[in-house]
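Everything below concerns the one structure shown next.
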Amino acid sequence: YTKTDRFGYHNSTTAEHSTIHDKSAHLNKPMSFRLLHMFTHSMFILLYELKYLSEDDLIQLTQRKINTTSSVNLYLKNHFEKDCQLVYEILDDNNTGHIWLYKLFNHTLDILHLPGILNTNANVIQFEKQFEETILFSHIESVITEIDEYKTIYIEYVRQKKLEELNDFIDELTENDQKYPLLEYLNVTNTKCTIEDFNSKLQMTIRDIDLYYPITNFILQRLNEFQNIKYLFPIVNFTNYLLQK
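Residue numbers (UniProt numbering): 1 to 245.
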């Protein structure tokens with residue numbers, strides 16, 4: 001990494017060009033980079049909205065990447081909203097991904113501590129590695145399980161105040177054999193396993209994926225290129241046809 005310490009905001013990628021594969025070299029998972037990126041921009045939004053940073057402050061802080069021709073607030077919100085979208089894409093879950101994020105945020109507040117002041121590149125990298133190791137890896141292998149557990153706890157909490165809801169049975173989060181004895185025969189088994197699903201789960205749940213599955217990961221990262229192989233045979237046939245003419 002660059003050992004020369006730099007202060008300010010040095011994000012050179014616009015929100016429109018951010019992708020799920022963006023990652024710093026010292027981090028293991030793109031999700032770690034995306035969450036840290038989200039935290040950074042949410043912090044700027046908060047400081048700006050609370051008037052601790054002015055528009056001029058942010059223009060100077062961002063080395064004029066945010067200029068007077070574009071709204072500071074809009075620039076920051078575009079990045080934050082894009083981060084949320086990409087996090088859901090990595091999780092492959094647009095409906096309940098926020099539950100996992102809430103649990104991760106709570107864990108972050110409980111155990112994450114700054115290693116001193118983040119005034120050098122080395123300290124920033126140490127902090128980001130600590131975040132990935134203590135926060136992300138603690139939850140990354142149990143995304144689905146943790147979401148279901150969270151839903152179950154919520155249902156038990158709601159039950160203290162009102163009767164059980166039919167949606168809880170439809171979502172297969174609770175059972176009542178006496179009231180709905182045949183419900184088990186109507187339960188849905190999710191067997192969806194597309195390449196996108198497989199890649200998402202692989203990227204999310206396996207640490208050091210390049211170490212354990214280098215060839216699989218290499219192919220999945222370049223899947224769009226490999227999909228063009230199917231056009232090779234007709235191209236060769238057509239080329240041979242032209243050569244014969």
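Glycine included, C-beta positions come from ideal geometry on N, C-alpha and C. Everything numeric in this text was worked out from a predicted model, so none of it was measured.
Asked                                                                                                             : Found
Ser71 versus Gln85, Thr194, Asp22 and Glu55, residue with shortest Cα-Cα distance                                 : Glu55
CB-CB length for Asp92 against Asp197, believed under 8 Å                                                         : 6 Å
Asn199, buried or exposed, once every other Cβ within 10 Å from all chains shown has been counted against 16      : buried
At least 3 beta-carbon pairs within less than 8 Å: the segment 38-53 vs the segment 20-30                         : no
Glu146 versus Glu49 - alpha carbon distance                                                                       : 33 Å
Cβ separation of Leu109 and His139, assumed to be a contact under 8 Å, to the nearest whole Å                     : About 14 Å separates the two Cβ atoms, so there is no contact after all.
Residue environment, Val87, which counts as buried when at least 16 other CB atoms sit within 10 Å                : buried
Alpha helix (DSSP H) segments (min. 4 residues) lying fully within the segment 66-102                             : 72-91
Thr96 versus Tyr102 - alpha carbon distance                                                                       : 10 Å
Separation of Asn237 from Lys151, as counted between CA atoms                                                     : 57 Å
Member of Arg207, Thr14 and Gln227 whose CA lies at the smallest distance from the CA of Leu136                   : Arg207
Beta-carbon gap between Ile90 and Ile20 smaller than 9 Å                                                          : yes
Between the CA atoms of Leu243 and Tyr212 - distance to the nearest angstrom                                      : 45 Å
Span separating the alpha-carbon of Ile229 from that of Glu81                                                     : 35 Å
For Leu47, the first and last residue of its enclosing alpha helix (DSSP H)                                       : Pro30 to Glu49
Any alpha helix (DSSP H) of 4 or more consecutive residues that is wholly inside the segment 109-140              : 121-131
Exposure of His79, with buried meaning 16 or more beta-carbon neighbours within 10 Å                              : buried
For Lys3 and Ala122, the rounded distance between their alpha carbons                                             : 8 Å
N-terminal and C-terminal residue of the alpha helix (DSSP H) that Ser200 is part of                              : Ile195 to Thr205
Spatial neighbours of Val124 in its chain, beta-carbon cut-off 7 Å, leaving aside the 5 residues before and after : Leu118
8 Å contact criterion, which Leu36 and Glu133 should meet: CB distance rounded                                    : That pair is no contact at about 13 Å.
Same chain, Cβ closer than 8 Å to Asp5, five either side skipped, listed in chain order                           : Asn119, Thr120 and Asn121
Contact check, Asn224 vs Leu202, beta carbons under 9 Å                                                           : no
Nearest neighbour of Asp60, chosen from Tyr9, Lys51 and Ile235 [CA to CA]                                         : Going by the sequence as given, residue 60 is Gln instead of Asp. Here the closest residue by C-alpha is Tyr9.
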